[in-house]
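Novice: So that we are looking at the same thing, I have put the structure below in structure tokens.
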Amino acid sequence: MGDLSELATLASKHMETWLFYLVALITVPFAFGVLLDRNIIRAGFLLIGVFGGISALFLLLQAQFLAMAQLMIYAVGITLVVVIALMLTNPRMEEDKSPSIPAQKAPAALVGTLLFIALYMAILSEGWGNNSEALSPDNITIIGYSLLTHYALPFEFASILLLIALVGAVMLAKHDHFNSKADIDEIEEETKEISERNEHVVKV
Amino acid sequence: MTSSAVPYNLNEIGKFFLLSGVWLGIIFGAVWAACWAVGMLVPQLILNAYPNDPCALNVANAIRLLTPLVGVMVFIPINAMYMVLAERRGLALFTVRKGPNRVGPDGFLQTAADAVKLLFKENINPHGGDVLMFTLAPIIFFAPSVFGAIPLLAAVTSNHDLFKIVNLPTGIFYVLAMSSIPVVGIVMGGWASNNKYSLVGGLRSAAQAISYEIPLVLAIITTCFLVGSLDVVNIAQMQKGTDNLASFGFLNWNFFGAGAIPHYLDLLMQGKLEGAQVVTSAFWSLALAFCCILLCGIYLTGACAEINRIPFDLPEAESELVSGYNTEYSGIRFAIFFLAEFTNLFIVSTVAVVMWFGGGATPFPGFLDANTFASIATPFNQALAQAGLPPLMDGQTMSGAFWAIFKTYALVYFAILVRGTLPRFRIDQLLDFGWKKLIPLSLILLLAVTYIRELV
Amino acid sequence: MFALVGRSIESLYQVARGLKTVFKHTVRPPITKNFPDDMPDLPGHFRGRLALAVNPQTSEHLCISCLQCERVCPDKCIQITSHKSPETNKPELIEFKIDHGLCMFCGLCTEVCPTSCIINTNDFEMADYTRESLVYDLKRLTLSQDESAHYFAKKELPMPKPKPPKPAAKPAAPAAAAKPAEDKPEAKPEVKAEAKPQDLPAAPAPESPKKEEQ
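Protein chains in written order, with my numbering: chain A, 3 to 206; chain B, 5 to 460; chain C, 141 to 354.
What follows is the structure, encoded as structure tokens:
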């Protein structure tokens with residue numbers, strides 16, 4: 003029993019680290035799956051697993067609110083939209099068997115490497131966690147407070163960005179051939195023709 | 005429809021209530037016994053066996069932490085069995101039929117027989133389907149409803165010691181996040197079935213869930229604004245009425261404007277309002293109550309769509325899509341889908357009860373409250389104490405649980421009534437209603453409540 | 141905007157009315173019956189299993205082998221075997237077969253039957269394990285005297301005229317009526333063979349007697 007209790011204290015001391023590795027062990031294969039799976043829709047579903055893993059990481063960092071938001075918005079909302087878009091573009095849902103073009107491989111590798119280096123350096127250079135608030139289970143209040151005071155400007159910019167996206171989506175969904183003058187003339191002519199034809203039919 | 009010509013159907017109604025009573029007794033007896041055993045009895049036995057051992061203490065605590073999970077795990081299958089039966093018998097009442105009445109005494113065991121049958125049926129994998137995803141889909145559909153229900157346990161048992169740990173500060177947000185996951189299971193199952201009907205069902209489900217989640221979440225967030233908390237226990241306890249007029253019984257519920265009306269009545273009775281204030285204050289109180297009733301309506305509508313109940317059951321519209329996303333499912337995987345569907349209905353009703361109908365609070369002060377239940381519980385506890393066992397229950401928890409269950413099942417029966425009445429939407433009407441009516445309405449209400457709250 | 145609000149209120153009211161109507165149905169007694177326990181009360185003209193009636197008063201078989209039903213049947217599911225009686229020169233029934241697996245219960249045979257012999261009973265539970273057992277023979281088709289009386293009363297059919305008494309056969313027939321239904325078809329051929337000579341004036345068959353055999 004003595005050994006067991008020692009083990010328990012040891013485990014609880016490094017609990018967070020163990021859990022981090024556990025989550026990583028689950029999430030990283032999902033991430034590779036997203037990249038390597040030839041079946042694009044299955045890759046989309048694997049993305050849900052990746053986002054779920056990230057939200058588990060947030061939970062480990064005591065950021066409950068962020069974890070829930072991550073799960074709700076990224077893991078479900080956005081990924082589902084992505085998956086549906088994929089289903090609509092590839093109705094037969096077969097595996098993509100077209101061979102990759104060698105000419106694209108080198109630039110892709112270059113861009114990927116550069117991106118990785120940039121991210122790595124950014125992560126190293128930033129002084130993470132220096133000015134963080136005290137960890138508390140009630141950090142929703144802190145999030146709300148800092149969003150509307152210290153980070154008010156980025157927050158508003160994000161809202162405007164979303165608004166622009168929304169308006170853009172509405173514009174895309176509308177029929178844009180009503181915009182140009184020539185199109186409108188064409189349509190008017192067509193309607194005239196049709197109405198004439200209809201009159202003719204009525205007369206007959 | 006002449007009222008004089010209607011002979012009363014007390015026989016069938018009586019049978020329905022008897023059935024409900026027996027099944028609810030079974031469900032909550034089992035859940036209560038399981039929670040008591042895991043949360044109190046086993047830890048106590050361990051501590052008695054190894055006194056003064058820190059390791060035994062750890063083990064006992066670990067077992068105690070499992071109580072909420074065990075409670076939910078025991079609850080879900082039995083509850084789903086009862087709800088299927090209640091739905092069939094209730095619908096039979098509404099459609100002037102008798103419903104299942106052959107298996108067991110008067111059909112009490114019909115769903116138990118169905119469950120056993122489903123468990124023994126063959127699992128068939130569709131040709132050309134993605135077997136892994138096909139198997140995973142029911143699990144993804146079902147698991148969130150288990151974990152999502154857990155924080156609500158704390159709310160409905162008046163924050164009992166055993167369930168305190170599941171009371172997250174982000175309570176209601178957690179429930180919402182969890183309840184949004186099942187859609188993934190539906191889309192996944194629909195896609196992995198390699199069947200056109202399933203795929204269309206899955207796609208419809210995704211479109212519907214994404215559209216109706218927005219008004220649903222907005223309705224809940226607005227109520228959280230009003231209350232000033234995301235914590236389910238906090239929200240439930242704030243609505244607890246007293247016998248003062250300032251927070252009288254059911255008038256204190258969020259459904260009636262989060263205490264605006266009794267507060268106004270109290271001020272009026274004490275003569276603190278003068279002149280035009282009497283009218284304006286009454287107007288704003290009533291406006292807030294009206295907004296809250298609308299919010300509750302939006303939530304119930306959105307929830308109906310989220311869990312694919314009739315009139316929003318387009319993902320499994322049997323007249324168009326055979327059975328929608330679960331066309332290809334059979335055996336235990338189908339049973340899991342079925343189980344989760346009814347559990348989701350229960351969870352959604354519980355959320356509504358916690359958010360708007362006062363959680364475990366009595367509607368009338370003094371009516372079947374903690375004292376009444378304490379007087380029932382005392383003899384049991386004394387008998388157990390004499391046998392050296394931990395107490396079985398306390399009045400506070402019993403009263404909370406009783407009223408929460410009562411209100412939840414009242415909402416479930418309302419859902420059954422709606423199912424018996426309304427026809428199914430068409431998919432374009434459904435999206436139109438969601439995006440063009442409910443979302444603007446909930447946004448307007450969000451604004452209105454924020455302002456009116458200051459004016460009351 | 142106001143129109144929208146008005147429409148919302150209107151639709152909410154209509155939904156509430158619908159809910160109220162459905163809820164009011166709760167207090168109505170169910171119109172369903174516990175089928176195997178309570179048999180449905182079917183009207184006389186219900187077209188169920190075909191059967192051959194006997195005279196409710198005298199228990200004589202009513203079939204005169206006119207073959208009209210066989211000819212009118214659109215499914216050709218009736219098969220009658222008869223021969224010419226050497227004594228009376230009249231057709232005499234030997235076998236009567238109806239394939240209920242083929243029958244579509246149109247009721248045409250019952251309409252043409254001159255003696256109201258072939259009738260649709262109210263029996264509809266005919267599920268069976270083989271197709272062969274759906275072919276009913278004379279024994280299974282013939283009803284008992286009580287059953288015939290029941291259906292004659294229920295369908296309000298005119299009573300067939302009792303055949304002129306033949307001292308030897310007639311007193312025996314009412315006594316036979318008390319026996320269980322299964323005995324009847326076996327008893328029939330002898331009874332009929334004896335009754336046939338007297339049958340001639342009573343039978344209202346407009347058809348000339350059939351000579352051929354099936």
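Just so you know, even glycine gets a beta-carbon here, dropped at the ideal spot from N, CA and C. Note that the structure is a prediction, hence the values are computed from the model and not measured.
Just checking: is the beta-carbon of GLU16(B) within a distance shorter than 8 Å of some beta-carbon in chain C?
Specialist: yes
Novice: At the 8 Å Cβ level, is TRP195(B) part of the contact set with chain A, yes or no?
Specialist: yes
Novice: Closer than 6 Å by C-beta to CYS39(B): which residues in its own chain qualify, once you throw out the five before and the five after it? Chain order, please.
Specialist: THR71 and GLY75
Novice: So GLY4(B) contacts chain C; which residues on that side make the cut at Cβ distance below 8 Å?
Specialist: Lying outside 5 to 460, the shown extent of chain B, residue 4(B) is not represented and no answer is given.
Novice: Where does the unbroken beta strand (DSSP E) through GLU235(C) begin, and where does it stop?
Specialist: 231-239
Novice: If you measure from the beta carbon of GLN64(A) to each beta carbon in chain B, is any gap under 8 Å?
Specialist: No, because no Cβ of chain B sits closer than 8 Å to the Cβ of GLN64(A).
Novice: Can you tell me which of the three DSSP states THR174(B) falls into?
Specialist: coil
Novice: If contact is defined by three or more beta carbon pairs under 8 Å, each pair taking one atom from either stretch, is the segment 302-319 of chain B in contact with the segment 277-290 of chain B?
Specialist: Contact annotation: the segment 277-290 of chain B does not touch the segment 302-319 of chain B, with fewer than three C-beta pairs closer than 8 Å.
Novice: Taking the continuous beta strand (DSSP E) assigned at HIS223(C), which residues delimit it?
Specialist: Unbroken beta strand (DSSP E) run through HIS223(C): 218-224.
Novice: Which two residues bound the contiguous alpha helix (DSSP H) that contains ILE258(C)?
Specialist: No alpha helix (DSSP H) holds ILE258(C); the beta strand (DSSP E) holding it covers 258-260.
Novice: Which word fits LYS336(C), buried or exposed, when buried means at least 16 other C-beta atoms lie within 10 angstroms of its C-beta?
Specialist: Below a pLDDT of 50, predicted positions are generally treated as unreliable, and LYS336(C), at 41, falls in that range; no measurement from the model is reported.
Novice: Just the Cα atoms here: how many angstroms apart are LEU299(B) and TYR153(C)?
Specialist: Approximately 18 Å between the Cα atoms of the pair.
Novice: Enumerate in chain order the residues of its own chain whose CB-to-CB distance from GLY194(B) is below 6 Å, with the five nearest sequence positions on each side excluded.
Specialist: SER202, LEU203, GLY205, GLY206 and TYR329
Novice: Among residues of its own chain, excluding the 5 on either side of ALA223(B), which ones have a beta-carbon nearer than 6 Å to its beta-carbon?
Specialist: LEU299, ILE302, TYR303 and SER446
Novice: Using DSSP with H/G/I as helix, E/B as strand and the rest coil, what is LEU190(C)?
Specialist: Looking at LEU190(C) - three-state DSSP - the assignment turns out to be strand.
Novice: Please go through the same chain and pick out, in chain order, the residues whose beta-carbon is closer than 8 Å to the beta-carbon of LEU489(B), but skip the five residues on each side of it.
Specialist: Residue 489(B) is absent from the model: chain B starts at 5 and stops at 460.
Novice: Is the CB of ILE50(A) under 8 Å away from at least one CB in chain B?
Specialist: yes
Novice: So which residues of chain B does ARG44(A) contact, with C-beta pairs closer than 8 Å?
Specialist: Ordered by position in chain B, the residues that pass the 8 Å Cβ test against ARG44(A) are ASP134 and MET137.
Novice: With distances taken Cα to Cα, identify the nearest neighbour of ALA289(C) among THR161(C), SER199(C) and MET266(C).
Specialist: Taking only the C-alpha atoms, the option nearest ALA289(C) is SER199(C).
Novice: Nearest to ILE456(B) by CA position, among ALA264(B), HIS131(B) and VAL63(B), is which residue?
Specialist: ALA264(B)
Novice: From GLY108(B), VAL78(B), VAL187(B) and LEU28(B), pick the residue whose C-alpha is nearest to that of ALA307(B); which is it?
Specialist: Closest by alpha carbon: VAL187(B).
Novice: Is the segment 262-277 of chain B touching the segment 285-300 of chain B, taking contact as three or more C-beta pairs under 8 Å?
Specialist: yes
Novice: Taking 6 Å as the limit between beta carbons, can you name the residues of its chain near HIS16(A), skipping five residues before and five after?
Specialist: There are no such residues.
Novice: Less than 8 Å between CB atoms is the rule here; does GLY55(A) satisfy it with respect to chain B?
Specialist: no
Novice: Just to make sure I have the definition right: I need the residues of chain B whose C-beta is within less than 8 Å of the C-beta of GLY114(A). Which are they?
Specialist: Simply none; closest approach about 28 Å.
Novice: Please name the residues in the segment 146-176 of chain B whose beta-carbon is closer than 9 Å to at least one beta-carbon of chain A, in chain order.
Specialist: LEU172, PRO173 and THR174
Novice: Taking just the CA atoms, how far does MET137(B) sit from ARG337(B)?
Specialist: 12 Å
Novice: Is the segment 230-238 of chain B close to the segment 172-186 of chain B, with three or more CB pairs under 8 Å?
Specialist: yes
Novice: Assuming PRO155(B) and TYR178(B) are in contact, meaning their beta carbons sit under 8 Å apart, how far apart are those beta carbons, in whole angstroms?
Specialist: The C-beta distance from PRO155(B) to TYR178(B) rounds to 6 Å, short enough to fall under 8 Å.
Novice: From the DSSP secondary-structure annotation, give me the bridge partner or partners of HIS201(C).
Specialist: For HIS201(C), which the question treats as bridged, DSSP gives the partners VAL194(C).
Novice: Counting only Cβ pairs nearer than 7 Å, list the residues of chain C close to PHE100(B).
Specialist: The identity of residue 100(B) in the sequence shown is Val, whereas the question assumes Phe. Those within 7 Å of VAL100(B) in chain C are HIS165, ARG168, PRO170 and ILE171.
Novice: Could you name the residues of the same chain whose beta carbon sits closer than 7 Å to that of GLY399(B), not counting the 5 residues immediately before and after it, in chain order?
Specialist: If the five residues before and after GLY399(B) are omitted, its C-beta is found closer than 7 Å to the C-beta atoms of ALA374, ASN375, PHE377, ALA378 and ALA381, all from its own chain and listed in chain order.
Novice: Taking the alpha-carbon of GLY184(C) as reference, which of GLY146(C), GLY247(C) and LYS173(C) has the nearest alpha-carbon?
Specialist: If we check each option's Cα against that of GLY184(C), GLY247(C) comes out closest.
Novice: Does the count of Cβ pairs from the segment 400-411 of chain B and the segment 351-364 of chain B closer than 8 Å reach three?
Specialist: yes
Novice: Please work out which residues of its chain come closer than 6 Å, Cβ to Cβ, to VAL46(B), disregarding the five sequence neighbours upstream and downstream, and give them in chain order.
Specialist: The beta carbon of VAL46(B) is closer than 6 Å to those of ILE67 in its chain, skipping five residues each way along the sequence.
Novice: Taking only beta-carbon atoms, is LEU73(A) less than 8 Å away from chain B?
Specialist: Contact with chain B is found for LEU73(A), since one of that chain's Cβ atoms lies less than 8 Å from the residue's Cβ.
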